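Just so you know, we're using numbering that gives the first Met the number 0 here: the sequence shown kicks off at 0 and counts up by one.
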Amino acid sequence: MTVRTELNQAGNDSREKTIVRTSIIGIIANVFLAAFKAVIGLMTNSIAIVLDAVNNISDAGSSLITIIGTKLAGREPDKKHPFGYGRIEYLSAMIISVIVLYAGITSFVESVKQIIHPETPEYNTVSLIIVAVAVVVKILLGRYVKGVGVKVNSDSLINSGEDATLDAVISASTLVAAGIFLIFHVSLEAWLGAVISLVIIKSGIEMLRETISQILGERNDAELAQKIHETVMSFPDVQGAYDLVLNNYGPDTWNGSIHIEVPDTYSADQLDQLIREITMKVLAEHHVILTAIGVYSVNTKDENIIQAHSKVQDIVLAHEHVKQMHGFYLLEDQKTMRFDVVISFDAKDRKAVCREVTESVQKAFPDYQLQVTLDTDFAEE
C-alpha cells in the first residue's frame with residue numbers, strides 16, 4: 000500500500016529527527032557537566048563528585064547509543080527483515096539500562112572503599128556553586144528528555160531522562176554532604192554515595208526488566224485494542240469483532256489480525272469490499288496494519304438456529320472465568336455446532352474450564368457434534 004508506506008515514513012522521519020536532536024542536546028550537556036565535575040572532584044578530593052562526573056560520561060554514552068539505535072531502527076524493511084528494524088530501539092534501551100546498572104554497581108564499590116579507607120574532602124565556595132548549578136541543569140535536562148521520550152514513545156529517551164533525574168539527586172546529595180561536613184565536620188560522603196548507588200542499581204534493574212518484557216512480547220495495548228474494536232464495529236454489517244492480535248515491531252509500529260462476524264448472506268465480493276474498507280480505516284485512524292481479517296459467518300436464515308445460539312451462549316457464559324463466546328455456527332444437515340470460548344488467565348486450569356463448557360453444551364444438545372475452540376483475550380487486564 001502506497002498510502003501506508005508514505006504515512007509511516009513521514010511519521011518515522013519526524014520522530015527520528017526529534018530523538019536524534021534531543022540526544023545530541025543530552026550529549027553536549029553531559030560532556031560539559033562531566034568536565035566541570037571531574038575538575039572540582041579532583042580539586043576537593045571528593046569521591047562523590049568524581050563518581051558523579053563519571054556518571055555524566057555514561058549518560059553521554061547512553062545518548063550516543065540512543066542515536067545509533069534510532070538510526071538503525073529507521074532502516075527500511077528488506078528481504079531478511081520484512082517487518083523492519085524497529086525493535087532495535089528496545090535493544091538500545093536495554094543497553095542503556097545495563098549502563099545505568101553498571102554505573103550503580105561501580106559507584107557502590109567505590110563508596111564502600113571510601114567507607115573502609117576514608118579521605119577528608121576539601122570543599123570551597125566555587126566548587127559548591129558549580130555543583131548546585133549542575134543540579135539545576137540535570138533536573139531541567141531530565142524533565143526535557145523524558146518529556147520528549149513520552150511524546151515520541153521512545154524508551155531510550157525515557158530511560159535517559161530518568162537517569163538524568165537520578166543524577167540530579169546524586170549531585171544534590173553531594174551538596175547536602177558538603178553542608179554537613181562544613182557545619183559538623185562529619186564526612187558522610189561515602190555512606191551517602193552507597194545509599195545513592197543502591198537507588199541507581201534499583202532503577203537500572205527496573206529499566207532492564209521493563210525492556211526485556213517488551214522484547215519478549217507483552218499483551219495487547221488495552222486502550223489501542225479497544226479503539227480498533229470500536230472502529231471495526233462501526234461498520235453496520237459487522238455483528239462482532241474478536242481475536243484481535245497486535246504484534247509490535249518497534250515503538251508505534253504495529254501489525255495485527257482480527258476476526259469479524261458477518262451475516263451468512265454475504266457474497267464474496269461484498270466481503271472483499273468490507274475487509275478492504277476496514278483495513279484502510281484502521282490504518283488511517285490508528286496506524287495499525289491489519290495483515291489478516293478472518294471471518295465468522297452468523298446464522299440469520301433459521302429461527303431455530305438463532306434460538307439455539309442464544310441457549311448455547313447462556314450455558315457457556317454461566318461458567319466462571321468464561322469471558323466471551325463467539326464464532327457460533329450450526330449446520331443442521333450435518334448436526335455440527337462450532338464456537339470459540341474465551342477463558343480468562345485467572346482460571347487455574349483453562350483447558351479444564353473449556354472441557355466443562357463443552358460437556359455442559361453437549362448435555363443440552365446430545366445429537367450434535369461439537370467443535371469448541373479455547374480462545375484467548377490478548378488484551379486482558
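All C-beta atoms, glycine included, are put in the ideal place defined by N, C-alpha and C. Because the structure is a prediction, the values reported are computed rather than measured.
In the structure shown, Thr357 falls within a helical segment according to DSSP collapsed to helix, strand and coil. Just measuring C-alpha positions, the residue of Ala72, Gly40 and Ala34 sitting nearest Ser57 is Ala34.
The continuous alpha helix (DSSP H) containing Tyr89 extends over residues Ile87 to Ile115. In the structure shown, the three-state DSSP call for Ser212 is helix. Put simply, of Gly293, Ile98 and Asp301 the residue whose alpha carbon is nearest the alpha carbon of Asp271 is Gly293.
Look at the beta carbons and you see the stretch 166 to 176 not touching the stretch 83 to 99: under three pairs across the two are nearer than 8 Å. The Cβ atoms of Tyr84 and Leu63 lie no closer than 8 Å to each other.
Secondary structure at Gly249: coil, using DSSP grouped into helix, strand and coil. Put simply, of Leu273, Ile314 and Glu276 the residue whose alpha carbon is nearest the alpha carbon of Phe364 is Ile314. By the C-beta density criterion, Val132 is exposed, having fewer than 16 other C-beta atoms within 10 angstroms. Residue pairing by DSSP places Glu284 opposite no residue, since no beta bridge is assigned to it. The continuous stretches of beta strand (DSSP E) do not include Val237, and DSSP gives it neither H nor E. Counting along the chain, no alpha helix (DSSP H) covers Thr372; the unbroken beta strand (DSSP E) around it starts and ends at Gln368 to Asp374.
By the neighbour-count criterion, in which a residue is buried when 16 or more other Cβ atoms sit within 10 angstroms of its Cβ, Thr124 is exposed. Exclusion of the five residues before and after Gly148 leaves Leu156, Ile157 and Gly160 as the residues of its chain whose Cβ lies within less than 6 Å of its Cβ. Assignment of Glu302 by DSSP, reduced to helix, strand and coil, places it in the helix class. The continuous alpha helix (DSSP H) containing Thr124 extends over residues Thr124 to Val151. Assigned with DSSP and collapsed to three states, Asn44 falls in coil, not helix or strand. Its chain contains Ala72, Gly83, Tyr84, Gly85, Arg86, Ile87, Glu88 and Tyr89 as the residues whose beta carbon lies nearer than 8 Å to that of Gly249, once the 5 sequence neighbours on both sides are disregarded; these appear in chain order.
Looking from the CA of Thr278, the closest CA among Phe234, Leu41 and Asp154 belongs to Phe234.
The distance from the Cβ of Lys226 to that of His286 is about 11 Å, inconsistent with a contact at the 8 Å cut-off.
Exclusion of the five residues before and after Pro76 leaves Phe82 and Gly83 as the residues of its chain whose Cβ lies within less than 7 Å of its Cβ.
The residue among Ser256, Met336, Asn246 and Glu209 with its C-alpha nearest the C-alpha of Val231 is Ser256. Here Asp339 carries a strand assignment [DSSP, helix/strand/coil]. Looking only at Gly40, Leu330, Tyr328 and Gln323, the smallest Cα-Cα distance to Phe344 is reached by Gln323. Glu188 has no beta-bridge partner at all, per DSSP. When DSSP states are grouped into helix, strand and coil, Thr230 belongs to the helix group. DSSP places Phe327 inside the beta strand (DSSP E), whose first and last residues are Val321 to Leu330.
Between Gly25 and Val135 the beta-carbon gap is near 16 Å, outside 8 Å, which marks them as no contact.
The beta-carbon distance between His325 and Tyr367, rounded to whole angstroms, is 18 Å. This is too long to meet the 8 Å contact definition.
Look at His80 here: in three-state DSSP terms it is coil, with no helix or strand label. Remark: C-beta atoms of Asp166 and Asn44 do not approach each other more closely than 8 Å. Rounded to whole angstroms, the separation of the alpha carbons of Lys280 and Ser61 is 39 Å.
When DSSP states are grouped into helix, strand and coil, Ala176 belongs to the helix group.
Secondary structure of Thr21 (DSSP, three-state): helix. In this structure Glu109 is buried. Its beta-carbon is surrounded by 16 or more other beta-carbon atoms within 10 angstroms.
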